[in-house]
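Residue numbers (the numbering used here): -6 to 283.
All C-beta atoms, glycine included, are put in the ideal place defined by N, C-alpha and C.
Beneath this line is the structure, given in structure tokens, with notes to follow.
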């Protein structure tokens, strides 16, 4: 009964029944994993139904995750949010009459300052792709584009060939909320993108009607997971720990801030909805210069 209720809840998220716009694949996987762990723990207590779960059970489990498993505050906050959403669902379905997650709190989450890639690390990364192979040219073009524009990986893989405005030395980027940004390109990014379009992309294509700018070895649009595997491979070779695609976005933002660009312009380039999000980089810049 425990797992069945979780499965029904996850299905409702996937179908958009519990959220305004449905759940993303990553959100659904997180719910499934977090609630699956909770299920296993509840079963070890000899409890076989959700109505028997109490506020103390949830509170003790969250503290157990913090103290025994050393989960970070951000991870604990995500898990607790999943529990609360799940029990709201059970309450709406009449499965439980009281919400055992209600009132369970965590200390305020302090935002950790990320480690920013140095210019030397970025240049090391650029030296790794093999420039005389189609795959190496493609990978180098993607790395240069991320660092030159600060775009998100989701925006990178959504690019079509027509988004490259060579005459304007810019890339048209459709943001996460559908807003369009025109991002200026460096001469280095322009050169490697032109080389990729001439000597890289045609090598991969299987279907001439494919519109994606960056394609995999099957000639299909590169996926987020595919790019993640690519950058992990280069990170290992470069000896850069915990490199994520988002760190190139951080590096771009910090380069713009440190070069004197005003905050509003950086916000526009990054596609942030609120200036407060961009102000985070000012805080980081101040911390670096202390």
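Runs of beta strand (DSSP E) lying entirely within the segment 95 to 173, each at least 3 residues, in chain order
163 to 167
Is the beta carbon of residue 167 closer than 8 Å to that of residue 151?
Here residue 151 is near residue 167, since their CB atoms are less than 8 Å apart.
Buried or exposed by the 16-neighbour rule on C-beta atoms within 10 Å, applied to residue 63:
exposed
Alpha helix (DSSP H) segments (min. 4 residues) lying fully within the segment 184 to 209
Qualifying alpha helix (DSSP H) stretches, in chain order: 194 to 197.
Buried or exposed for residue 313, please, with buried defined as at least 16 other CB atoms from any protein chain shown within 10 angstroms of its CB.
This structure leaves residue 313 out entirely; the chain is present only between -6 and 283.
Host alpha helix (DSSP H) of residue 26 (start-end)
18 to 37
Contact between the segment 130 to 142 and the segment 236 to 247 is defined here as three or more beta-carbon pairs at a separation below 8 Å; is this criterion met?
yes
Using DSSP's beta-bridge definition, name the partner residues of residue 177.
163, per the DSSP bridge assignment.
Candidates 236, 36 and 224, of which the one nearest residue 131 by Cα
For the residues 236, 36 and 224, the minimum Cα distance to residue 131 belongs to 224.
Please name the residue in 239, 235 and 193 whose C-alpha comes closest to that of residue 123.
Nearest option by C-alpha distance: 193.
Between the segment 35 to 54 and the segment 76 to 93, can you find at least three pairs of beta-carbon atoms closer than 8 Å?
yes
Per-residue DSSP class, three states only, for residue 65
coil
What distance in whole Å lies between the Cβ atoms of residue 233 and residue 114, which are believed to be in contact at a cut-off of 8 Å?
6 Å
Within 10 angstroms of its Cβ, does residue 3 collect 16 or more other Cβ (buried), or is it exposed?
buried
So within the segment 44 to 90, which uninterrupted alpha helix (DSSP H) runs reach at least 4 residues, ignoring any that extend past its ends?
Entirely contained in the segment 44 to 90, the alpha helix (DSSP H) runs reaching 4 residues are, in chain order, 48 to 60 and 66 to 85.
Does the Cβ-Cβ distance between residue 208 and residue 198 come in under 8 Å?
yes
Pop quiz: residue 217 and residue 147 are said to be a contact at Cβ under 8 Å. What is the actual Cβ separation, rounded to whole angstroms?
6 Å
From what residue to what residue does the alpha helix (DSSP H) around residue 223 run?
217 to 231
Count the C-beta pairs between the segment 67 to 74 and the segment 33 to 42 that are closer than 8 Å, then say yes if the count reaches three, no if not.
no
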